[in-house]
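Residue numbers (the numbering used here), protein chains in the order written: chain F, 45 to 320; chain R, 695 to 916; chain Y, 21 to 225. Even glycine gets a Cβ: it sits at the ideal position worked out from N, Cα and C. Since the structure is predicted, the reported quantities are computational estimates derived from the model, not experimental observations.
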Amino acid sequence: MAMLSLCGLSDDTLFKSKCEVEENEAFETFQSDNTVNQMNLYSLPGNPVENMRMITARDTMGRPIELNFHHGTTTLGFLYQGGIVLAVDSRATGGQYIGSQCMKKIVEINDFMLGTLAGGAADCVYWDRVLSKQCRLHELRNKERISVTAASKIMSNMIYYYKGYGLSIGMMLAGYDKNGPSLFYIDNDGSRTPGKVFSVGSGSIYAFGVLDSGYKWDLTDEEAQKLGQRAIFHATHRDAYSGGIVRVYHITKDGWKHIKNEDCDEIYDRVKNEAK
Amino acid sequence: MDTIIDRGAPKARNFEPYASNGGSIVAISGKDFAIVASDTRLSEGYMIYTRKQSKLFQLSDKSVLGCTGCWCDTLSLTNIIQSQLKSYLYDHNTIMQPNSIAQLLSTLLYSRRFFPYYVYNVLAGLDSNGEGCLYSYDPVGHCEKVNYTAGGSSGVLMQPFLDSWLGNRTAENPVTEEEALSLVKDAFTAAGERDIYTGDEVVYNIIKKDGIKTGVVQLRKD
Amino acid sequence: MSIMDYNGGALIGMKGKDCVAIATDKRFGIQAQTVSLDFTKVFQINPHTYMGFPGLATDIFTVYEKIMFRKRLYELKENRKISPKALASLVSNLLYENRFSPFFVEPMIVALDEVTLEPYMCDMDLIGCVNKSDNFVVGGTSSSQLYGLCEALWEPDMEEDQLFETISQALVSACNRDAISGWGAKVYIIKKDKIIVRDIKTRMD
Numbered sequence: 045m046a047m048l049s050l051c052g053l054s055d056d057t058l059f060k061s062k063c064e065v066e067e068n069e070a071f072e073t074f075q076s077d078n079t080v081n082q083m084n085l086y087s088l089p090g091n092p093v094e095n096m097r098m099i100t101a102r103d104t105m106g107r108p109i110e111l112n113f114h115h116g117t118t119t120l121g122f123l124y125q126g127g128i129v130l131a132v133d134s135r136a137t138g139g140q141y142i143g144s145q146c147m148k149k150i151v152e153i154n155d156f157m158l159g160t161l162a163g164g165a166a167d168c169v170y171w172d173r174v175l176s177k178q179c180r181l182h183e184l185r186n187k188e189r190i191s192v193t194a195a196s197k198i199m200s201n202m203i204y205y206y207k208g209y210g211l212s213i214g215m216m217l218a219g220y221d222k223n224g225p226s227l228f229y230i231d232n233d234g235s236r237t238p239g240k241v242f243s244v245g246s247g248s249i250y251a252f253g254v255l256d257s258g259y260k261w262d263l264t265d266e267e268a269q270k271l272g273q274r275a276i277f278h279a280t281h282r283d284a285y286s287g288g289i290v291r292v293y294h295i296t297k298d299g300w301k302h303i304k305n306e307d308c309d310e311i312y313d314r315v316k317n318e319a320k
Numbered sequence: 695m696d697t698i699i700d701r702g703a704p705k706a707r708n709f710e711p712y713a714s715n716g717g718s719i720v721a722i723s724g725k726d727f728a729i730v731a732s733d734t735r736l737s738e739g740y741m742i743y744t745r746k747q748s749k750l751f752q753l754s755d756k757s758v759l760g761c762t763g764c765w766c767d768t769l770s771l772t773n774i775i776q777s778q779l780k781s782y783l784y785d786h787n788t789i790m791q792p793n794s795i796a797q798l799l800s801t802l803l804y805s806r807r808f809f810p811y812y813v814y815n816v817l818a819g820l821d822s823n824g825e826g827c828l829y830s831y832d833p834v835g836h837c838e839k840v841n842y843t844a845g846g847s848s849g850v851l852m853q854p855f856l857d858s859w860l861g862n863r864t865a866e867n868p869v870t871e872e873e874a875l876s877l878v879k880d881a882f883t884a885a886g887e888r889d890i891y892t893g894d895e896v897v898y899n900i901i902k903k904d905g906i907k908t909g910v911v912q913l914r915k916d
Numbered sequence: 021m022s023i024m025d026y027n028g029g030a031l032i033g034m035k036g037k038d039c040v041a042i043a044t045d046k047r048f049g050i051q052a053q054t055v056s057l058d059f060t061k062v063f064q065i066n067p068h069t070y071m072g073f074p075g076l077a078t079d080i081f082t083v084y085e086k087i088m089f090r091k092r093l094y095e096l097k098e099n100r101k102i103s104p105k106a107l108a109s110l111v112s113n114l115l116y117e118n119r120f121s122p123f124f125v126e127p128m129i130v131a132l133d134e135v136t137l138e139p140y141m142c143d144m145d146l147i148g149c150v151n152k153s154d155n156f157v158v159g160g161t162s163s164s165q166l167y168g169l170c171e172a173l174w175e176p177d178m179e180e181d182q183l184f185e186t187i188s189q190a191l192v193s194a195c196n197r198d199a200i201s202g203w204g205a206k207v208y209i210i211k212k213d214k215i216i217v218r219d220i221k222t223r224m225d
């Protein structure tokens, strides 16, 4: 508006009405923006992390705001001669409170690709959903399944756009495409690394201890699945923010397969008896 | 003449957009029903604003949303959902199913990832097979399908109680409507004893094939 | 994270008919890391007097030793066993001496009076404000969960078996919703003629 008067334009110029149209469009899409374009999120002006700290510092009565997002995890994945094994726990914590004991931390992106999630639960689930939409679109446009490399690049680019906004994501993307099996680690800093053995989350240090001592390329399928389960189980035992059910998935050239879910409580009893 | 009015050092004013208005929600789903209940106390700090404010919002004849936390966010969010549901109805000439509402709510909550709605949501409904379904949320839209849940200011107090009764249920031993209702009452009575933000009354909605039944139970008023 | 939540833990005391019970979890952790699975925070002070110490592990032992020192002096001077009520005052005084640099423990006393065998129960904050209770006391990182459960499960005049069931159920369910409590639990039922100690199984994750 200031621009208009500065240019000496009258109220009923074409230019003005175009401004109004744009303003109205912006207003209409304001509340429902990410239902139309999922990659467009509302944010306050200024530094997003600083804003978040400020708005959650206290409520109108001066008490701190308890915005407990669900968090925590142990996840792992490794490549071996028989494909890829992914194993995850299922606990979601908000602070010390256990929000859920049966969260699904492996997301099925398509029949040949899986993503694991660690960090902020909503962040991971949301962006994985956006990713699976992008993968499906790629498939429809190009008449072939997306490669894991490409999918991981899409994911890391999306996350990189929001770098410094305070997202918390540590994910592994695993799948089988025309180049064979591959495994990527992606996080909220925008890093994207291919690799053979990964573990992500608060309990990853414990999981690595078991995983590294038992891992070799020539594992049989059964050994590999057992190793994955055992590494997660030991991590849940020592790490307070991991627990619940251990879920194991296996990816081969025929796509992913869900191997088993087993409660940590049952695994504990079994492992204890085996030790005797 | 020499008097200088001391106005003190300049103070930084922060942006404090959130209020904690208290309130709790309990929801349990069964084979052919879903029950969702909230208390009716709306408060801030040590002040009670009203003793008669239900936190349940009927979204369709098969779904009810329970929403607590910052009351202004609750109102704003429920308005947006209701208008989205209307658009959907006019666009598609069908009422949105609870599972779709669940996803919509998750997406809407996440749209404000960097300035969240300070609310805890529970969506209860009957799915397309006529079975009860429940979705519980965190403030930024992490959604989980559950069989029972407690949220809001007394969520921490009530959830383990529900766990102890309903945690080990199997398909052969499903929870009945009467049992669910009595659990809801017990949970709120217990929470009302220890949480100052929960009290006055419990209002519950039982969602069934033939409609939504509403009822009220009295809680302590102090 | 508050210093009270550094090590984690959950404790409850409950009153029954002519008996009392106290229960503790067994976890000793450093924030998220579980270090030991055999750390009970309950101590016997006298044959029928037990104390539970939720809070910072290092202060638990310091406070316990200090209490025992003063309690022994008291008993030597008076030539009789200390009553739970006197013990509460003793502990309260000890904690208040450190009003401005407190020990990070919130002790609870669960006892039958050594003479009259009257049940007595109290808990206090970290600077010694005694809060006597006629039904139950709770403490530790899962105290909110425990309050909710105890309010729902507790009823007056429970017999020994029912008391055991109730206190175990409350502790186990609360630990299952708290990340830093659990890893096994121990229940003490205090009756006039015997003390029953039972280990209970909980989730280990």
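- Under the Cβ distance rule, residue 721 of chain R does not count among the residues neighbouring chain F, no pair being separated by less than 8 Å.
- Going by beta carbons, residue 47 of chain Y and residue 159 of chain Y fall outside the 8 Å limit.
- Within the region 191–223 of chain Y, contact with chain F at the beta-carbon level (separation under 8 Å) is assigned to 196, 197, 198, 199, 200, 223.
- Think of a sphere of 8 Å around the beta carbon of residue 114 of chain F: the chain R residues whose beta carbon falls inside it are 832, 836, in chain order.
- Here residue 78 of chain F is buried, its C-beta having at least 16 other C-beta atoms within 10 Å.
- Residue 815 of chain R sits in a strand when the DSSP states are folded into three classes.
- Contact annotation for residue 88 of chain F against chain R: 808, 809 [CB-CB distance below 7 Å, chain order].
- In terms of beta-carbon proximity, residue 313 of chain F stays away from the interface with chain R, with every pair separated by 8 Å or more.
- Within the DSSP bridge table, the entry for residue 139 of chain Y names Y:132 as partners.
- Residue 854 of chain R has a beta carbon lying within less than 8 Å of a beta carbon in chain Y.
- For the pair residue 845 of chain R and residue 91 of chain Y, the Cα-to-Cα distance works out to about 45 Å.
- The region 288–308 of chain F makes contact with the region 121–130 of chain F, as at least three CB pairs between them are under 8 Å.
- In chain order, 71 place their CB closer than 6 Å to the CB of residue 65 of chain Y, counting only its own chain and leaving out the 5 sequence neighbours on each side.
- Between the alpha carbons of residue 902 of chain R and residue 826 of chain R lies a gap of roughly 8 Å.
- Contact between the region 699–708 of chain R and the region 164–177 of chain F is not established, with fewer than three Cβ pairs separated by less than 8 Å.
- In the structure shown, the three-state DSSP call for residue 171 of chain F is helix.
- Residue 816 of chain R is outside the set of residues whose beta carbon lies under 8 Å from a beta carbon in chain Y.
- With 16 or more other Cβ atoms inside 10 Å of its own Cβ, residue 132 of chain F counts as buried.
- Shown here, residue 262 of chain F sits in coil according to DSSP, grouped into three states, outside any helix or strand.
- The region 831–839 of chain R makes no contact with the region 873–887 of chain R: fewer than 3 CB pairs, one atom from each, lie closer than 8 Å.
- Boundaries of the alpha helix (DSSP H) around residue 81 of chain Y: 77–98.
- Straight through space, the alpha carbons of residue 39 of chain Y and residue 102 of chain Y are spaced by roughly 19 Å.
- The beta carbon of residue 306 of chain F lies closer than 6 Å to those of 290 in the same chain, with the five residues before and after it left out.
- Put simply, the region 856–876 of chain R does not touch the region 307–316 of chain F. Fewer than three CB pairs are less than 8 Å apart.
- Looking at R:872, R:888, R:787, R:726, the one whose alpha-carbon comes closest to that of residue 915 of chain R is R:888.
- By a beta-carbon distance limit of 8 Å, residue 817 of chain R contacts residue 792 of chain R. Their separation comes to about 7 Å.
- Sequence-distant partners of residue 812 of chain R (beyond 5 residues in either direction) whose C-beta falls short of 7 Å from its own C-beta, in its chain, are 712, 763, 764, 767, 833.
- Taking 8 Å as the threshold, the shortest C-beta distance from residue 170 of chain F to chain R falls below it.
- For residue 318 of chain F, the uninterrupted alpha helix (DSSP H) segment begins and ends at 308–319.
- Counting of Cβ neighbours within 10 angstroms places residue 709 of chain R among the exposed residues, the total staying below 16.
- Between the region 730–747 of chain R and the region 80–96 of chain F there are fewer than three C-beta pairs closer than 8 Å, too few to call the two in contact.
- Counting C-beta pairs closer than 8 Å gives three or more between the region 187–195 of chain F and the region 219–236 of chain F, which meets the contact rule.
- Apart from sequence neighbours up to five positions away, the residues of its chain that approach residue 796 of chain R with a beta-carbon distance below 7 Å are 817, 829, 837, ordered along the chain.
- Annotation for residue 189 of chain Y: no beta strand (DSSP E) segment contains it, though the alpha helix (DSSP H) segment containing it runs 180–195.
- Of all residues in the region 842–876 of chain R, those with a C-beta nearer than 7 Å to a C-beta of chain F are 850, reading in chain order.
- Residue 99 of chain F sits in a helix when the DSSP states are folded into three classes.
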